[in-house]
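Everything below concerns the one structure shown next.
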Amino acid sequence: MSLATCIGREQNLFNETMGHAYRVMFDSPVLLFSDFNQLLALDSTYYRANTVDLNYDLAEGLETAIKRVCDEAERLARTGTTLLILSDRATSKNKQVIPAAMAVGAVQRVLVDQSLRCDTNIIVETASARDPHHFAVLLGFGATAIYPYLAYESISALSLKHGVTETQKLMLNFRQGIDKGLRKIMSKMGISTVGSYRCSQQFEAIGLSTDVVELCFKGVISRIEGANFDLLEKDQQVLQKLAFQKHQPLPQGGLLKYVEGGEYHCFNPDVVNTLQACLRDKDYPTYKRFTQLVDDRTIATLRDLFVVKGDKDAITIDQVEGADTLYPRFDSAAMSIGALSPEAHEALAVAMNRLGGRSNSGEGGEDPSRFNSVRNSAIKQIASGRFGVTAHYLVNAEVLQIKVAQGAKPGEGGQLPGDKVSVEIAALRNARPGVTLISPPPHHDIYSIEDLAQLIFDLKQINPKALISVKLVSEPGVGTIATGVAKAYADMITISGYDGGTGASPITSVKYAGSPWELGLAEVHQSLVANGLRHKIRLQVDGGLKTGADVIKAALLGAESFGFGTVPMIALGCKYLRICHLNNCATGVATQNKQLRDNHYHGLPERVMTYFEFMAQEIREYMAALGVSEFEQLVGRSDWLSALEGVTEKQQQLDLSAILFKPDIPAGCALTWQETNPTSDQGELNQTIIAAAKEAVEQGETFKACFNINNTDRSVGAGLSGHIATTVGLQGAKAPVNLRFNGSAGQSFGVWNAPGLNMELCGDANDYVGKGMSGGKLTVYPPLGSMFQSERSVILGNTCLYGASGGKLFAAGKAGERFAVRNSGAIAVVEGLGDNGCEYMTGGIVVVLGKTGVNFGAGMTGGFAYVFDRFGHFNRRVNTEMVDTHKVSSPIQQQHLKGLIEEHLNETGSEHAKMLLNDFENWIDCFVLIKPKNVALNDLLRLEQSQPELSVVAG
Amino acid sequence: MSLYHPSFERDNCGFGLIAQMDGEASHRIVRTAIHGLDRMKHRGGIAADGRTGDGCGLLMQLPIKFFEAIAAENDWHLSRKFAVGMLFLSQDEEKAAQAKLLLERELEKETLSVAGWREVPVNADVLGPIGQASQPQIFQVLINAPIGWREKDLERRLYMARRRLEQQMLDDQDFYVASLSGQAIVYKGLMMPADLPAFYPDLADIRLQSAICLFHQRFSTNTSPKWPLAQPFRYLAHNGEINTITCNRQWARARAYKFNAPLLPDLQQAAPFVNESGSDSSSLDNMLEMLLAGGMDLYRAMRLLIPPAWQSNPEMDEELKAFYDFNSMHMEPWDGPAGIVMTNGRHVACAVDRNGLRPSRYVITKDRILTLASEVGIWDYAPDEVVEKGRVGPGELLVLDTLNGQLYSSFEIDNDLKRRHPYKEWMAKHSQTLIPAEQMPKTAQGVCEFSNDTLLQYQKQFGYSREELEQVIWVLAEKGEEATGSMGDDTPMAVLSKKSRTLYDYFRQKFAQVTNPPHRSFA
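Chains as they are written, first to last, in the working numbering: chain A, -6 to 948; chain B, 2 to 524.
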């Protein structure tokens, strides 16, 4: 990734001449004092700098002032200014200041329209920018570089207060922090260079009027209108007045944590305490007091601006469907064991199961002893880390949820800090205690919609009974994404708001990423209806739902199922202290600390159940008042919602009609979920295999068979692995099942391969071979007598062994990119790899008998690898941030390596392996051993060989 | 008004190409391409009617003999050098006639003449109801070039004629030029791959021969697929998504006035060069065709649009870095998952994005047929025919020149590019780098300029708070990274709030989900 920025005049790219090299380069668009000064001092023949002042007289008005700034910028650009500096520095008592982002966006537009932008660079000297999001907004609307002088001044002052003298270091740190934040923001959109981020407008504007967007942010998505120039100016005026009242102190704030008199918080102490009181006392009137506190709050969310108005006569509450049929609409939101304490996690499962709703395992696996009991999570999550996702895990679920994004930090991965990785957690995740576990930002098998379709197919092959759910986060365009997801044969979609839950994440992600669920839910519902797919999808919403009114409003906007995260946690005792990421949760809910859990956790499933009972009762009361006997009749009736006028002037400017839009229903479709969404491909080869091997598996007898295969046969083996896991269980087939295939295998050959299943493929395979395998053996080799050399030819596709936790893979040929990413226990021998091999690996052994690509071993915290480095280039290709490299010098390791290569030869008949073994004493010097820095060389074999026992303990 | 905008539509797919490496044209190439595409139909999407595909198609060398035969059958006179246009026209006869008239007029301006109009035979029965409802009239126009024109001259003038025509046809939504070239032709539409030859009997005609055939099947995120958005486009087929498309389109617009090609003095008449309403892939195709029409070669054009990760690549030498560095100022990467196949009728190429996010596997068989696609094993060559199996890796470009039968790897292409000019020397001479603050003397590092009162005034005026100073700014300064929080955000959005919030608070960051992946960010 690169933030490298350059300034100067652009040239005609059809010509390549020496003069085209004129430019000034620097490493970050965030300028320090010395950077800014250097820019100003550049040779004015090529880099003339001029400043436009962003302060204006109140009489002029904000809009006119911005237009004047644009005119001035245009004039300067026309007359040869290369560095156009927009500065808000010259403040004074009689002046107002134009928000820097507005000036940048407006100037950018004018310079593009006037064909001047490529001769001019926009440099912003502003007091307003101080966190990564601010810089991202400025860059996203056209700024070339930013000099945040007030942040630096503030740091200087703070350093005095904190008694730190090295201010220079602090400035550099600040810049480094902003750079990191920018990289993270760019990464969320999958953008690698700041050059491709600049002007990309990767935002949704929420609450700006059309005239503001047209003048300053043209092209950005803005859907509900909002503040106009006057109101934005008024906001500035309030601050301006405060600024020049000398004796007024700096306000405390309160955006992050609740402060008396500060910004409103939906989970304020009053709300939390009343909720806990009503559940503790099992007192419905107190519950009603809680809902009153929530429903009558100051307007804090978009739904607060909606009022429900039916068109039917009220009925009595006995005519309304019972609470028992409402409970299946309620799920507890995904929270992993790891984030929650095991006690809290189990309590949620027990509560939801007793009630008839569903609890969600979250990412990170689940103790198999909970399966088939009241403690089992009916929803099993598949997240990017794939921790604990095995055939056995997947078949013990009613719903399989693919977590594409998470409300608290959409577009980001996660990590479980080492101090939360207890012995139990480590066993579930197939890792070692105390080692930080990283979930990558993307699912490495979902880079594209057809990839998601493939993952859904994998899941439906291994567990044909489960419904497949896909969790998305609200943002503009999520409706079309959901339509794609429906076409990829998902059965359920969950839309989360930005509000987020327990997940620890950087503050700017918490505050600025993702959109409210009201927009996302309405968009998804409208899109699915318009595309004639709504009846195939069960639509769920989650994000800050608290009361019956929330549920009714969400239903009217299109949801038929509801997820609850924070409230159940509060029911279990959470005090909303916002310290989940520190592992010292004072209520024992979100910690792994034994003492805190033993002494302070008092959560009871009954309290969670009481909450849902109360809420169901409240919903039924609403339904009676609305004259609706079945909940289903509410879903999608957005015509029963109307928008309130709003209290503040800004609220009054909003136009929420698009959210309330009710689309026409195409013929043969419906407004609610009617049917499951089976894949059109029936997975015939899997059916054939199951039919053939079923009896042997169930009887515990050996089985052998041979099949032809081609690329349309996908997820081969998954059906049988699912069958093994269902009928036999975690330990896998009691006697070996040996299958042999000839041809080119389709994607996901041997996905989630179960122990006891051995598959041999003569030919080659596509992407995702052995993904998530937990046992058994996969062998791939070219036909005997092939003309090409195996170590030079590609035999496996990308992302093989992703999330594998056991078993063996031998392939006589090269594999693609991201081999063994997030492997935690499989042993593999291949003859070459693409880029990013063994990324985020936490266990297992990988032997590469040939060349690897770059960035090998990035983020690897467990397991180890041997690489045959014939030409000594491997040191350039390994990422040594977390691993180090060694010679294979100890006789035990040499013997171990030799053993693996011999096994590879036996399995595949590889000529290349034979060549290496024939002269092993000589070749051994070319082998490199790669291991995590925090594991001792001598411990490697012991740790890897003890791995299987750990999972037995877990079982 | 609905929150759902079809313009948010995304697409992905399966793609590939088959080529006879020595340029030997045959119908077998076309047949095998269709078969291979059919074997990847699980990568495409099917609309709610169960029969309308999201779009598929072929891009191949212009089958000269086929069109000569067609011309002979119709008694049309064809010059030695001719081009063929593949056009989608409105079902409204008046509009269709208007489009034909305007095309002829624009061709005339270029001294090109129309040899004949051919209504392309089609069999609409194989389409699903959705595909049928939106099916355009499909016409081919055969165009004669004046004596003495070279192939590239013809392509350039066709480009200009087409761009001028397109600008006049903005109101006719159905009008679309699938291809207009003397080098290549596109057959595409909203059918399932297996139905391609049934819909277009031309494709089953064994006189239709090509040495190169690109193919593509689309998976779009809606159920109202459009004929023009089926791929391949005029030069390329793309699997993936351009994440930076807003940025690329804006810069294409901003930079338009800088484009100046001596071979096309009237190039500015073709502006705007990049569409802002079609798919991301079609915009990329627009940019590529503009660069090629302007005289840039395929190597440089592709390396500018989709460069490898060069800044921190340990395997790359300084000369090559200088090439990318030099060019980076004038073209930002079109970034995002990308597997791209393209052809200009002679060269065939495949490029993969810098992170290798789309698969691309190839096989070369004994009869020198190169098969490259999202998947391996898409047609049943026998094991003893296979000579080589490989893949196109992250940031790589593989080019086949069917004129000399040579296959060029990224290594060879980059070696050629970096030697064209002394980039390193130029950069050393004229570019300068700011001295990093770490290396500046203490005196140049700045001092605190504000008094306490001034500081307070500024902080209040720009909406700082004590909480923010301590929890955000100081954490950044002390640790060099952002503070962490949990339990999400439960405060009102800026527009709902009763407090004065900064303007930045009105913006919510977008992020990648499903149709493209977020990345890992690393320092």
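For every residue, glycine included, the Cβ atom is placed at its ideal position computed from N, Cα and C.
CB contact below 9 Å: Ala84(B) versus chain A:
no
Note down, in chain order, every chain B residue with its Cβ under 8 Å from the Cβ of Met908(A).
Among the residues of chain B, none has a CB under 8 Å from the CB of Met908(A); the nearest is roughly 19 Å distant.
Going by beta-carbon coordinates alone, are Val142(B) and Phe200(B) separated by less than 9 Å?
With respect to Phe200(B), Val142(B) sits apart: the two C-beta atoms are not nearer than 9 Å.
So that I know if they touch, is there some Cβ in chain A lying closer than 9 Å to that of His331(B)?
It does: the Cβ of His331(B) has a partner Cβ on chain A nearer than 9 Å.
Assigned secondary structure, Lys390(B) (DSSP; H/G/I helix, E/B strand, else coil)
strand
Provide the residue(s) that pair with Glu74(B) in DSSP beta bridges, ordered along the chain.
None; Glu74(B) has no bridge partner.
CB Leu285(B) to CB Leu293(B), shorter than 9 Å?
no
Does Met288(B) come within less than 9 Å of chain A when only Cβ atoms are used?
no
Cβ of Glu810(A) within 9 Å of any chain B Cβ
yes
Cβ-based neighbour list, Pro357(B), same chain, cut-off 8 Å, excluding 5 preceding and 5 following
The question names Pro, yet the displayed sequence has Gly at residue 357(B). Once the five neighbours on either side are set aside, the close Cβ partners of Gly357(B) are Gly394, Pro395, Gly396.
Given that Phe167(A) touches chain B, what residues does it touch there, using C-beta distances under 8 Å?
Within chain B, the residues near Phe167(A) are Ile474, Leu477, Ala478, Gly481.
Limits of the beta strand (DSSP E) - the one that Pro493(B) falls within:
Premise fails: Pro493(B) is in no beta strand (DSSP E) and is neither H nor E.
Tell me which same chain residues have a C-beta within less than 7 Å of the C-beta of Arg509(B), skipping the five on either side of it?
none
Which of the three DSSP states, helix, strand or coil, is assigned to Ser185(A)?
coil
Which of the three DSSP states, helix, strand or coil, is assigned to Cys(-1)(A)?
strand
What does the Cβ neighbour count give for Ala83(A), buried or exposed, with the cut at 16 atoms within 10 Å?
exposed
Please identify the residue among Phe803(A), Ile917(A), Glu832(A) whose C-alpha is closest to the C-alpha of Pro925(A).
Glu832(A)
List the whole-angstrom C-beta distance separating Ala583(A) from Ala332(A), where the pair is believed to meet the contact cut-off of C-beta under 8 Å.
Between Ala332(A) and Ala583(A) the Cβ distance is about 6 Å, and since that is below 8 Å, they are a contact.
Ile19(B) versus Pro198(B): straight-line alpha-carbon distance, rounded:
17 Å
Please confirm if the segment 299 to 319 of chain A is in contact with the segment 609 to 620 of chain A, defined as three or more CB-CB distances below 8 Å between the two stretches.
yes
Three-way DSSP call (helix, strand, coil) for Pro925(A) in this model:
strand
Mind listing the chain B neighbours of Arg216(A)? Cutoff is C-beta to C-beta under 8 Å, in chain order.
Leu4
What does the Cβ neighbour count give for Glu333(B), buried or exposed, with the cut at 16 atoms within 10 Å?
Per the 10 Å Cβ criterion, buried.
Within 10 angstroms of its Cβ, does Ala495(B) collect 16 or more other Cβ (buried), or is it exposed?
buried
Check each candidate in Gln269(A), Gly865(A), Asn586(A) and name the one with the smallest Cα separation from Phe920(A).
Gly865(A)
Could you run through the segment 524 to 553 of chain A and flag, in chain order, every residue whose CB is less than 7 Å away from some CB of chain B?
Asn524, Gly525, Leu526, Gly537
Should Lys697(A) go down as buried or exposed, given a rule of 16 or more other Cβ atoms within 10 Å for buried?
exposed
Would you kindly check if the distance between the Cβ of Glu146(A) and the Cβ of Phe624(A) is under 9 Å?
no
By Cβ distance below 8 Å, which residues in the same chain neighbour Arg420(B) in space, the five residues on each side in sequence not counted?
Glu320
Give me the chain A residues within the contact set of Thr485(B), using Cβ-Cβ distance strictly less than 8 Å, ordered along the chain.
Those are Ala497, Ser498, Pro499, Ile500, His574, listed as they occur along chain A.
Neighbouring residues, chain B, relative to Glu752(A) (Cβ below 8 Å)
Looking at the sequence provided, one finds Met at residue 752(A) rather than Glu. Going along chain B, no residue has its Cβ under 8 Å from Met752(A), so there is no contact; the nearest lies around 16 Å.
Helix, strand or coil: which one does DSSP assign to Thr74(A)?
coil
In the DSSP output, what is Pro299(A) paired with across the bridge?
Checking the displayed sequence, the identity of residue 299(A) turns out to be Phe instead of Pro. Under the DSSP definition of a beta bridge, Phe299(A) partners with Ala636(A).
Tell me Thr487(A)'s beta-bridge partners as DSSP assigns them.
Lys464(A), Gln533(A)
When the Cβ atoms of the segment 370 to 387 of chain A are set against those of the segment 433 to 440 of chain A, are three or more pairs found closer than 8 Å?
yes
Taking the C-alpha atoms as reference points, what is the distance between Ala548(A) and Lys402(A)?
25 Å
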